[in-house]
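In this note's numbering, the protein residues as written are 317 to 476.
Note that the Cβ used here is the ideal one computed from N, Cα and C, for glycine as well.
Below is one structure, written out as structure tokens; comments come after it.
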């Protein structure tokens, strides 16, 4: 049985290996960026995914799990798993609704305080990534990410 050797993450010249697949490349980027943000947010007791959910609830106000999932491109299970951690820590709470089937989530005072403590750590991570690029590359990154997200979303219509 012949085993194919995996391509190294970095080429001999130190550049990141070309994966040739949009999905694999996006996942590679997501993992690498998550690592950068997680390292900074760890001292605030948060992970990047938790910070993102708390930030959305802070800026947009209470919303349903479905809305949070759509906003972040997450499936129901992933949203539930992350929200359970945030609930257990007292950072979010389920709010009463007229429809019992609806799960509306809001930020608690403790969650708002945690988010406030974490913001400087997030800003440090954001600055470090931004400073590793030129301003043109930074803007191009967001343009490419939005364009790719819209394209993928248009292909997934009706599958969620």
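- Approximately 7 angstroms separates the beta-carbon atoms of residue 362 and residue 430; this is inside 8 angstroms, confirming the contact.
- The Cβ atoms of residue 357 and residue 364 sit closer than 8 angstroms to each other.
- Taking C-beta atoms as the reference points, residue 410 and residue 421 count as a pair closer than 8 angstroms.
- Between residue 414 and residue 408, the C-beta spacing is not below 8 angstroms.
- At a Cβ-Cβ threshold of 8 angstroms, residue 445 and residue 349 count as neighbours.
- Residue 406 is not a Cβ neighbour of residue 395, given a cutoff of 8 angstroms.
- The Cβ atoms of residue 437 and residue 341 lie no closer than 8 angstroms to each other.
- Less than 8 angstroms divides the Cβ of residue 398 from the Cβ of residue 366.
- Taking 8 angstroms as the upper bound for CB-CB distance, residue 380 and residue 428 are not in contact here, some 19 angstroms apart.
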